[in-house]
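Each remark here refers to the structure printed beneath this line.
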Amino acid sequence: MNSDVPSSLPDSLPRHIAIIMDGNGRWAKKRSLNRIRGHREGAESVRDIVRACREIGIEFLTLYAFSTENWQRPRREILALMSLLKGFLRSELPEMMENGIRLNAIGQIERFPGDVVKVLQEVMDMTRENQGMILNLALSYGGQDEIVAAARKIATEVRAGRLQPEEITKAVFSNYLYTQGMPEPDLLIRTSGEMRVSNFLLWQIAYTEIHVTNTLWPDFRREELIRILHDYEKRERRFGMTGAQIKKAPHRQ
Ligand code: IPE
Ligand code: IPE
Ligand code: MG
Numbered sequence: 007m008n009s010d011v012p013s014s015l016p017d018s019l020p021r022h023i024a025i026i027m028d029g030n031g032r033w034a035k036k037r038s039l040n041r042i043r044g045h046r047e048g049a050e051s052v053r054d055i056v057r058a059c060r061e062i063g064i065e066f067l068t069l070y071a072f073s074t075e076n077w078q079r080p081r082r083e084i085l086a087l088m089s090l091l092k093g094f095l096r097s098e099l100p101e102m103m104e105n106g107i108r109l110n111a112i113g114q115i116e117r118f119p120g121d122v123v124k125v126l127q128e129v130m131d132m133t134r135e136n137q138g139m140i141l142n143l144a145l146s147y148g149g150q151d152e153i154v155a156a157a158r159k160i161a162t163e164v165r166a167g168r169l170q171p172e173e174i175t176k177a178v179f180s181n182y183l184y185t186q187g188m189p190e191p192d193l194l195i196r197t198s199g200e201m202r203v204s205n206f207l208l209w210q211i212a213y214t215e216i217h218v219t220n221t222l223w224p225d226f227r228r229e230e231l232i233r234i235l236h237d238y239e240k241r242e243r244r245f246g247m248t249g250a251q252i253k254k255a256p257h258r259q
């Protein structure tokens, strides 16, 4: 399986990569195509990047596929995205099984139509025991909603007397998020050049390294990912400390 990995991988790799997959519409517009064609080509990039991350040995990959705000898009586009998602899950399941990829949806998946939820649930169940890599698909995901939902669950626990207010620490709080038990992303990539986080993983990216590329998502393939990983390796992650302190004890956790 490692035959495609270039010999020039950096020595230190992120454990968790998060990606805001943006620019499908502009990719299509540049070619005078319908936006949906852009999403279709974007699905090819998803396949390539998931495969590459697995081969490279990334432990967690979180892809922003549909935001809570994306519900405001034209109905036709939303339906096309749902149908692409279903097709993607069905076609990728055998490879996910073969490569030990576990699928985990994060977001308000109950807002999706029943048939989409069913396929999602099936793929999550089928891949539950896989140990190779966790693929988080952010679907109807919004960081602010995630934090509000966590606060609500914690408030319920406190009201029921199962949790004391003083016991609410950062670690406890993170256990109420979709990403409970996972390390925070080390690297956040956004394609298509926009300098914003668009409500993605607001809590989890507190100390994440950010890389914005002008490449539109359908043009983003593994070669560029590997270039970004080389750039990431050169970053000095200081976590609020001084450069000298970091050189002595390079790991935060
Ligand atoms: C990202 O591409 C995919 C989704 C948000 C579903 P866009 O559809 O946002 O493409 P642009 O930003 O309009 O080019
Ligand atoms: C962010 O892209 C959401 C996803 C990639 C799923 P958008 O295209 O929706 O973000 P904005 O609206 O440009 O910030
Ligand atoms: Mg966009």
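Quick note on the numbering used here: the sequence shown kicks off at 7 and runs consecutively. Ideal Cβ placement from N, Cα and C applies to all residues, glycine included. None of the values given here were measured: they were computed from a predicted structure.
Near ligand 2: residue i beta-carbon under 8 Å from a heavy atom
| i | result |
| --- | --- |
| residue 38 | no |
| residue 73 | yes |
| residue 28 | yes |
| residue 206 | yes |
| residue 213 | no |
| residue 70 | yes |
| residue 49 | no |
| residue 144 | yes |
| residue 227 | no |
| residue 117 | no |
| residue 96 | no |
| residue 241 | no |
Candidates the options, of which the one nearest residue i by Cα
| i | options | result |
| --- | --- | --- |
| residue 210 | 222, 219, 204, 191 | 191 |
| residue 86 | 98, 17, 100, 71 | 71 |
| residue 17 | 63, 124, 135, 199 | 63 |
| residue 53 | 174, 244, 167, 107 | 107 |
| residue 126 | 166, 98, 61, 171 | 98 |
| residue 181 | 41, 199, 160 | 160 |
| residue 115 | 254, 80, 151, 135 | 151 |
| residue 59 | 94, 231, 137 | 231 |
| residue 186 | 167, 75, 202, 153 | 153 |
| residue 155 | 35, 179, 14, 104 | 179 |
Cβ-heavy atom distance, residue i to ligand 3, below 8 Å
| i | result |
| --- | --- |
| residue 31 | yes |
heavy atom of ligand 1 below 8 Å from residue i C-beta
| i | result |
| --- | --- |
| residue 222 | yes |
| residue 76 | yes |
| residue 92 | no |
| residue 82 | no |
| residue 41 | yes |
| residue 87 | yes |
| residue 44 | yes |
| residue 198 | yes |
| residue 253 | no |
Minimum Cβ-Cβ distance from residue i to chain D less than 9 Å
| i | result |
| --- | --- |
| residue 69 | Absent from the structure is chain D; it holds one protein chain and no more. |
Sufficient close CB pairs (3 or more, under 8 Å) joining the stretch 66-80 to the stretch 142-152 | yes
The stretch 180-199 contacting the stretch 24-34, beta-carbon criterion three pairs below 8 Å | Yes, the stretch 180-199 touches the stretch 24-34.
Between the stretch 37-54 and the stretch 238-247, are three or more C-beta pairs nearer than 8 Å?
-> Too few Cβ pairs lie closer than 8 Å, so no.
How do the stretch 88-95 and the stretch 165-181 stand: do at least 3 beta-carbon pairs fall below 8 Å, yes or no?
-> As far as the Cβ criterion goes, the stretch 88-95 does not touch the stretch 165-181, which means the pair count is below three.
Considering only residues of the stretch 190-243, which uninterrupted beta strand (DSSP E) runs meet the minimum length of 3 residues and lie entirely inside it, listed in chain order?
-> Runs found: 193-196, 215-218.
Ordered list of beta strand (DSSP E) runs contained in the stretch 62-144, each at least 3 residues | 66-73, 107-112
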